[in-house]
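Asks: Encoded as structure tokens, here's the structure I'll be asking about.
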Amino acid sequence: MKPYLRDHVPTSFADVPDVISYEAGYLVTKNAGWRNVRPVIDAQKCVGCLNCYLYCPDGVIRRSKTKVAVDYDFCKGCGICQRICKTGAIKMEAEK
Numbered sequence: 015m016k017p018y019l020r021d022h023v024p025t026s027f028a029d030v031p032d033v034i035s036y037e038a039g040y041l042v043t044k045n046a047g048w049r050n051v052r053p054v055i056d057a058q059k060c061v062g063c064l065n066c067y068l069y070c071p072d073g074v075i076r077r078s079k080t081k082v083a084v085d086y087d088f089c090k091g092c093g094i095c096q097r098i099c100k101t102g103a104i105k106m107e108a109e110k
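Each residue of the sequence shown is one higher than the one before, counting from 15 in the working numbering.
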């Protein structure tokens, strides 16, 4: 018998959690300038699946109606959001 990781699998947008890790204000130190690349979201390609929101380890991606936005003050540029995006809506661009 296989163990289940969760009893309830979300089936609608309303079932997706509002927060994924810590309460607002937990990240208090802005990016120190060491990030080399940053995620840029193409709103035309984004389908609002929220996988990037759910997988972001720092919780810097927020919902904006049915799309997403990135808080660049706290993003470390790890690229997990790009790798998890199935539609290719997120591209990592060089920091300017």
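Backbone N, C-alpha and C fix where the C-beta goes; we use that ideal spot for every residue, glycine too.
Alpha carbon to alpha carbon, what distance is there between Ala108 and Asn50?
Replies: Taking the sequence shown and counting its residues from 1, the one referred to as residue 50 is at position 36. Taking the sequence shown and counting its residues from 1, the one referred to as residue 108 is at position 94. Taking the straight line joining both Cα atoms gives about 6 Å.
Asks: Would you report the Cα separation of Gly91 and Pro53, rounded to the nearest angstrom?
Replies: For this step, residue 91 is matched to residue 77 along the sequence shown. For this step, residue 53 is matched to residue 39 along the sequence shown. Cα to Cα, the separation comes out at about 7 Å.
Asks: Going by C-alpha distance, which of Ile75, Asp87, Lys110, Lys44 is nearest Ile55?
Replies: Residue numbering aside, residue 55 sits at position 41 when the sequence shown is read from its first letter. If we check each option's Cα against that of Ile55, Ile75 comes out closest.
Asks: Hey, out of Asp87, Arg97, Gly102, whose CA is closest to Trp48's CA?
Replies: Taking the first residue of the sequence shown as position 1, residue 48 is located at position 34. Closest by alpha carbon: Asp87.
Asks: Given a cut-off of 8 Å, decide if Cys89 and Asn45 are closer than it, judged by their beta-carbon atoms.
Replies: As a working mapping, residue 45 is identified with position 31 in the sequence shown. As a working mapping, residue 89 is identified with position 75 in the sequence shown. Contact: yes.
Asks: Residues bridged to Val54 by DSSP?
Replies: For the purposes of this step, residue 54 is taken as residue 40 along the sequence shown, with counting starting at 1. Lys105, per the DSSP bridge assignment.
Asks: Buried or exposed: Ala103, going by 16 or more other Cβ atoms within 10 Å of its Cβ?
Replies: In the sequence shown, counting from the first residue as 1, residue 103 sits at position 89. Counting Cβ neighbours within 10 Å, Ala103 comes out buried, since at least 16 surround it.
Asks: Thinking C-alpha only, which one of Cys95, Val84, Thr101, Cys66 is nearest Lys59?
Replies: Indexing the sequence shown from 1 puts residue 59 at position 45. When each option's Cα is compared against that of Lys59, the closest is Thr101.
Asks: If you reduce the DSSP assignment to three classes, tell me which class Arg49 lands in.
Replies: As a working mapping, residue 49 is identified with position 35 in the sequence shown. Note: Arg49 maps to coil in three-state DSSP.
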